[in-house]
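Per UniProt numbering, the very first residue in the sequence shown carries number 1; after that it's consecutive.
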Amino acid sequence: MAYRDSATPAATDGTAVCYHCGLPVPAGTNHAVRVLGESRPMCCAGCAAVASAIVEGGLEDYYRYRTARPAGRAELVPAELEELALYDREAVQRSFVHRAGEEREASLVIEGIVCAACAWLSERHVRELPGVREFIVNYTTHRARLRWDAQQIKLSEILAAIEAIGYRAYPFDPERQERVQRNERAQMLKRIAVAGAGMMQVMMVAVGLYAGDHGGMGADTRSLLRWVSFAFATPVVLYAARPFFGAAGRDLRRRTLGMDVPVALAVAGAYAASVWATLSGTGEVYFDSITMFVFFLLVGRFLEMLARHRTGEQVEALVHQRPTVARRVEAAGECVVAALELVPGDRVRVRPGETIPADGVIEDGGSSVDESLLTGEPLPRRRGRGQRVVGGSINVESPLTVRVDAVGEDSVLASVIRLLDRAQAEKPRAAATADRVASWFVGGVLLTALAVYAFWYWYDPSRAFWVTLAVLVVTCPCALSLATPAAITAATGALGRLGLLATRGHALETLAQTRDMVFDKTGTLTYGRPELVSVSPAPGLDAEQCLRWAAALERESGHPVAQAFVACVETPPPADELHAEPGSGIAGRVDGRRLRIGRPAWVVPAGRPAVPGDVELRSEEDTVVWLGDESVVLAEFRLRDRLRPDVATAIDELRALGMRLRILSGDAPAAVAATGRAAGIEDAVGGLSPQGKLEAVRQLQHEGRVVSMVGDGVNDAPVLAGADVSVAMSGGTSLAQASADVVLLSDRLARLPQAIRVARRCRRIVRQNLAWAVAYNLIAVPLAATGWLTPWMAAIGMSASSLIVVMNALRLRDLPARDERDGGGDLR
Numbered sequence: 001m002a003y004r005d006s007a008t009p010a011a012t013d014g015t016a017v018c019y020h021c022g023l024p025v026p027a028g029t030n031h032a033v034r035v036l037g038e039s040r041p042m043c044c045a046g047c048a049a050v051a052s053a054i055v056e057g058g059l060e061d062y063y064r065y066r067t068a069r070p071a072g073r074a075e076l077v078p079a080e081l082e083e084l085a086l087y088d089r090e091a092v093q094r095s096f097v098h099r100a101g102e103e104r105e106a107s108l109v110i111e112g113i114v115c116a117a118c119a120w121l122s123e124r125h126v127r128e129l130p131g132v133r134e135f136i137v138n139y140t141t142h143r144a145r146l147r148w149d150a151q152q153i154k155l156s157e158i159l160a161a162i163e164a165i166g167y168r169a170y171p172f173d174p175e176r177q178e179r180v181q182r183n184e185r186a187q188m189l190k191r192i193a194v195a196g197a198g199m200m201q202v203m204m205v206a207v208g209l210y211a212g213d214h215g216g217m218g219a220d221t222r223s224l225l226r227w228v229s230f231a232f233a234t235p236v237v238l239y240a241a242r243p244f245f246g247a248a249g250r251d252l253r254r255r256t257l258g259m260d261v262p263v264a265l266a267v268a269g270a271y272a273a274s275v276w277a278t279l280s281g282t283g284e285v286y287f288d289s290i291t292m293f294v295f296f297l298l299v300g301r302f303l304e305m306l307a308r309h310r311t312g313e314q315v316e317a318l319v320h321q322r323p324t325v326a327r328r329v330e331a332a333g334e335c336v337v338a339a340l341e342l343v344p345g346d347r348v349r350v351r352p353g354e355t356i357p358a359d360g361v362i363e364d365g366g367s368s369v370d371e372s373l374l375t376g377e378p379l380p381r382r383r384g385r386g387q388r389v390v391g392g393s394i395n396v397e398s399p400l401t402v403r404v405d406a407v408g409e410d411s412v413l414a415s416v417i418r419l420l421d422r423a424q425a426e427k428p429r430a431a432a433t434a435d436r437v438a439s440w441f442v443g444g445v446l447l448t449a450l451a452v453y454a455f456w457y458w459y460d461p462s463r464a465f466w467v468t469l470a471v472l473v474v475t476c477p478c479a480l481s482l483a484t485p486a487a488i489t490a491a492t493g494a495l496g497r498l499g500l501l502a503t504r505g506h507a508l509e510t511l512a513q514t515r516d517m518v519f520d521k522t523g524t525l526t527y528g529r530p531e532l533v534s535v536s537p538a539p540g541l542d543a544e545q546c547l548r549w550a551a552a553l554e555r556e557s558g559h560p561v562a563q564a565f566v567a568c569v570e571t572p573p574p575a576d577e578l579h580a581e582p583g584s585g586i587a588g589r590v591d592g593r594r595l596r597i598g599r600p601a602w603v604v605p606a607g608r609p610a611v612p613g614d615v616e617l618r619s620e621e622d623t624v625v626w627l628g629d630e631s632v633v634l635a636e637f638r639l640r641d642r643l644r645p646d647v648a649t650a651i652d653e654l655r656a657l658g659m660r661l662r663i664l665s666g667d668a669p670a671a672v673a674a675t676g677r678a679a680g681i682e683d684a685v686g687g688l689s690p691q692g693k694l695e696a697v698r699q700l701q702h703e704g705r706v707v708s709m710v711g712d713g714v715n716d717a718p719v720l721a722g723a724d725v726s727v728a729m730s731g732g733t734s735l736a737q738a739s740a741d742v743v744l745l746s747d748r749l750a751r752l753p754q755a756i757r758v759a760r761r762c763r764r765i766v767r768q769n770l771a772w773a774v775a776y777n778l779i780a781v782p783l784a785a786t787g788w789l790t791p792w793m794a795a796i797g798m799s800a801s802s803l804i805v806v807m808n809a810l811r812l813r814d815l816p817a818r819d820e821r822d823g824g825g826d827l828r
């Protein structure tokens with residue numbers, strides 16, 4: 001007997017008791033929660049919180065069907081809710097949640113998604129939750145990017161809300177996702193087997209029924225064959241087609257029209273009509289069409305699922321590169337620990353052939369390090385003492401001792417995976433438009449089917465149901481919704497294998513349209529590691545002392561020019577009151593003296609005392625940096641940078657693609673002009689502030705040009721954010737990479753023309769997919785409405801339309817960029 005939850009229980013003395021745990025409610029307290037449509041008293045804030053979570057998580061059946069009051073703590077919380085609550089623990093979140101203040105960011109896997117409408121439904125539902133800043137689902141990979149405010153909502157509450165609408169979400173775990181994918185494939189194969197076996201048996205019976213129409217088959221024999229068809233078709237409908245009914249029911253409960261709604265209507269309608277015809281002995285049966293439809297649709301979705309699994313392989317490969325164990329160096333010797341237990345400051349030993357467990361700096365040893373999966377570079381790079389190594393790369397030759405400085409979600413590999421997740425989750429404009437069209441398309445399909453049925457019922461009632469069934473079957477917006485995300489995901493994977501990380505959904509779309517490319521100089525066209533070639537101190541000053549002052553000011557800066565000074569001085573004096581002026585220099589107090597270092601015009605602006613005569617002003621092609629105090633220039637430093645070896649090749653290929661190239665730099669105009677001549681770029685402008693660079697890019701955009709910007713430093717962040725599409729060098733600052741749409745992990749500029757060719761090929765394939773999806777429906781719907789297509793033909797057409805779109809997109813996945821010269825310069 002069910003517990004009486006329709007009324008509020010009371011103790012024997014009339015005191016109200018807690019609806020959740022059964023204890024008396026203290027007088028003067030009010031923790032009521034609305035459960036099963038009524039306000040229920042709670043004894044404390046804890047019970048109120050659990051009850052609210054149960055209700056909000058869609059688990060009210062816990063109260064509806066419980067047969068007794070909970071006897072202990074284990075029964076106070078449903079198992080499903082308690083399992084989700086584990087994800088709120090800091091120790092659990094450490095391995096998959098990235099923190100930025102009170103905001104949290106995580107990558108989730110969503111189970112139960114079968115079409116683009118499922119992704120749209122879950123997005124809309126979760127975004128309505130208070131505290132959720134962003135929730136984007138990638139239908140292709142079934143992964144979601146979640147960003148939320150931990151002060152307003154818990155992760156367990158978000159996961160419960162997702163479960164409440166029929167899906168299951170959990171933190172991305174490659175091993176668990178592999179198991180889920182294996183189970184998904186196994187379940188699909190079972191359903192295909194049932195549908196295939198049922199289809200073959202029903203088709204053999206159907207041959208007899210069709211032959212009997214012309215051979216004078218008796219009524220008893222016809223009835224027997226119909227019952228045999230019913231017996232074989234029923235498992236197909238109740239088991240093989242179950243996912244379609246489940247998805248359609250979920251959509252209807254949420255008052256949305258998903259892509260499985262017309263499919264479920266078609267199968268259910270044809271089956272119901274056939275069962276009625278079998279029972280009554282009148283009319284036609286459609287068991288053969290039903291089983292063929294389900295079989296072909298399942299085969300199409302299975303092939304689409306395999307293609308979808310392949311497109312997510314780049315992220316999976318990066319995640320699998322994360323090491324699981326590490327050899328931590330302790331006082332007693334080496335100790336094998338889980339890589340997740342490492343903290344900054346730990347020292348780890350990495351043997352040849354082992355994976356480096358975390359980001360850090362080499363303290364002892366030297367070896368070659370394989371970073372190919374991360375950067376796309378096939379050859380290992382030499383690393384020695386004092387140089388940084390990235391967790392997930394492989395030590396090739398000799399033992400290394402590494403001091404850890406970044407672990408978990410703060411590591412380079414984790415940030416790359418996070419950026420890649422963001423890029424795959426974000427929807428380009430074309431994809432967002434297609435999703436909106438698809439959501440309206442289903443409603444249009446149902447109205448069209450209704451109109452077709454009305455017409456045929458008036459024109460030829462015997463064919464009305466058959467033709468309407470074909471219309472419902474043949475129309476499906478899956479191909480339309482898959483056209484863009486499938487191509488974008490495949491192209492993103494192709495770029496990843498070239499060592500380019502697309503971090504924004506629009507990056508490929510915009511990169512394909514760009515005609516103008518702007519380069520920064522230092523760290524982009526050059527190595528960004530200028531070497532100090534001369535020091536000219538003012539009269540009475542020592543060059544070594546000037547270098548010490550310069551290093552003191554620059555030691556906290558991440559700019560490549562600053563590192564040239566720091567490298568020359570082993571122990572610079574302390575500096576305070578440091579203030580950096582982006583694009584100009586740094587001011588501060590050293591040895592009690594206020595100093596400036598940076599661009600000459602900034603160190604000694606107009607109106608200040610003249611430069612001492614002994615400090616010769618040279619019109620050199622080197623980068624010139626001045627050191628000064630509040631009155632005069634103290635020293636002139638000249639630095640020289642080397643051009644990257646592949647710059648000339650990259651520039652030639654970019655020009656062949658029809659690109660207009662420019663250099664905008666904050667370095668001295670003479671040095672910038674020299675770099676431009678060496679690189680083959682005539683339009684080279686130096687001496688620009690960050691604002692000046694941004695204004696130059698804005699001017700190009702004002703002229704109607706699509707501009708891409710390539711840079712690396714802090715002073716490039718504004719212009720990287722302002723460009724239509726931006727590329728940051730991997731050696732640049734984190735701020736520059738955060739502002740960029742693409743990160744060049746390999747630091748090889750020759751990858752840029754390859755990326756443009758991939759982007760243009762992606763754009764062509766997206767257009768082909770959209771054209772196919774539209775053309776298919778424009779042709780198939782009239783054919784079905786006029787009675788030319790039977791339901792089984794429509795089933796083949798609908799499955800094939802989605803499969804063609806996915807397979808066409810997969811052509812991008814293994815695209816050799818060097819062979820993409822076919823029409824590379826065509827921007828149309």
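For each residue, glycine too, the CB sits at the ideal point set by N, CA and C.
On a predicted model such as this, the values are computed, not experimentally measured, just so you know.
Have a look at residue i and residue j and give me their C-alpha separation to the nearest angstrom.
i           : j           : result
residue 351 : residue 400 : 7 angstroms
residue 20  : residue 47  : 6 angstroms
residue 209 : residue 231 : 15 angstroms
residue 674 : residue 507 : 31 angstroms
residue 774 : residue 475 : 11 angstroms
residue 677 : residue 651 : 12 angstroms
residue 666 : residue 146 : 38 angstroms
residue 110 : residue 252 : 20 angstroms
residue 398 : residue 369 : 10 angstroms
residue 155 : residue 494 : 33 angstroms
residue 527 : residue 586 : 22 angstroms
residue 789 : residue 776 : 13 angstroms
residue 747 : residue 729 : 6 angstroms
Please determine, among the options, the residue with the shortest C-alpha to C-alpha distance to residue i.
i           : options               : result
residue 243 : 584, 113, 217 and 339 : 113
residue 273 : 464, 330, 355 and 147 : 464
residue 36  : 55, 30 and 23         : 55
residue 99  : 291, 414 and 122      : 414
residue 182 : 305, 221, 240 and 93  : 305
residue 515 : 587, 704, 221 and 154 : 704
residue 102 : 632, 108, 440 and 151 : 151
residue 87  : 540, 670, 339 and 170 : 170
residue 591 : 629, 89, 690 and 625  : 629
residue 108 : 90, 387, 689 and 144  : 144
Spatial neighbours of residue i within its chain, please: CB distance less than 7 angstroms, with the 5 preceding and 5 following residues excluded, ordered by chain position.
i           : result
residue 453 : 464 and 468
residue 808 : 765, 768 and 769
residue 644 : 525, 526, 527 and 749
Just to confirm my understanding: we take residue i, look at its own chain, exclude 5 residues before and 5 after, and list those with CB closer than 6 angstroms. What are they?
i           : result
residue 571 : none
residue 328 : 335, 337, 346 and 348
residue 519 : 525, 663 and 710
residue 459 : none
So if DSSP puts residue i in a beta bridge, which residue, or which two residues, is it bridged to?
i           : result
residue 623 : 639
residue 598 : 585 and 626
residue 170 : 109
residue 383 : 367
Can you give me the Cβ contacts of residue i inside the same chain, cut-off strictly under 8 angstroms, excluding the 5 residues immediately before and after it?
i           : result
residue 551 : 565, 566, 568, 569 and 572
residue 189 : 302
Cβ contact check for the region 550-558 and the region 692-706: 3 or more pairs under 8 angstroms: no
Stretch-stretch touch, CB-based, cutoff 8 angstroms, three pairs: the region 282-299 with the region 191-199: yes
Contact between the region 155-172 and the region 200-208 (3+ Cβ pairs under 8 angstroms): no
Meets three-Cβ-pair contact criterion under 8 angstroms: the region 678-689 and the region 653-666: yes
Three or more C-beta pairs below 8 angstroms linking the region 736-755 and the region 720-728: yes
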